[in-house]
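Novice: Pasting a structure here, questions to come.
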Amino acid sequence: MRGIGPTRTCVGCGQRDSQVQLLRFSLSEDGALVAGVSRGRGGYLHHRPACMHAFAKARAGFVRSLRAVVPREIRLRYLAHIERSATLSS
Ligand SMILES: [Zn+2]
Numbered sequence: 096m097r098g099i100g101p102t103r104t105c106v107g108c109g110q111r112d113s114q115v116q117l118l119r120f121s122l123s124e125d126g127a128l129v130a131g132v133s134r135g136r137g138g139y140l141h142h143r144p145a146c147m148h149a150f151a152k153a154r155a156g157f158v159r160s161l162r163a164v165v166p167r168e169i170r171l172r173y174l175a176h177i178e179r180s181a182t183l184s185s
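Sequential numbering from 96 applies to the sequence shown in our numbering.
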């Protein structure tokens, strides 16, 4: 791992990494996961399918950085949304 700057923990693999390597998401007011910078608490996920799937399929949906349980249905919907977008192109 190289570089300076803040590090965050990926909710998929549990590894710490530079924040720029991670995709930020947060919980919207209606309980959905949304990507990108926003106010309030956020979680971080690598731009890797393995990490996305690990997060989406985890049995326990508690996301510590959000201090909230995210139901699997919500996680799967977010995963589908991310996979449709171009953010996984790299
Ligand atoms: Zn990861």
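Every residue, glycine too, gets a C-beta built ideally from N, C-alpha and C.
1. Nearest to Gln116 by CA position, among Phe157, Pro101 and Ala153, is which residue?
2. Check the C-beta distance from Leu118 over to Leu140 and give it rounded, since I have them as a contact under 8 Å.
3. Could you tell me the distance, in whole angstroms, from the CA atom of Lys152 to the CA atom of Pro144?
4. Give the single residue among Arg154, Val165, Gly107 and Ala149 whose Cα lies nearest to the Cα of Gly126.
5. Return the CA-CA distance between Gln110 and Gly156, expressed in angstroms with no decimal places.
Specialist: Looking at the coordinates:
1. Stepping through the sequence shown from its first residue, residue 116 is reached at position 21. Comparing Cα positions, the closest option is Pro101.
2. To locate residue 118, count along the sequence shown from 1; it is residue 23. To locate residue 140, count along the sequence shown from 1; it is residue 45. Contact annotation, Leu118 with Leu140: C-beta distance approximately 5 Å; criterion of less than 8 Å satisfied.
3. Position 57 of the sequence shown, counted from the first residue, corresponds to residue 152. Position 49 of the sequence shown, counted from the first residue, corresponds to residue 144. Roughly 12 Å between the two C-alpha positions.
4. Counted from its first residue, the sequence shown places residue 126 at position 31. If we check each option's Cα against that of Gly126, Val165 comes out closest.
5. Against the sequence shown, residue 110 aligns to sequence position 15. Against the sequence shown, residue 156 aligns to sequence position 61. Whole-angstrom Cα-Cα distance: 17 Å.
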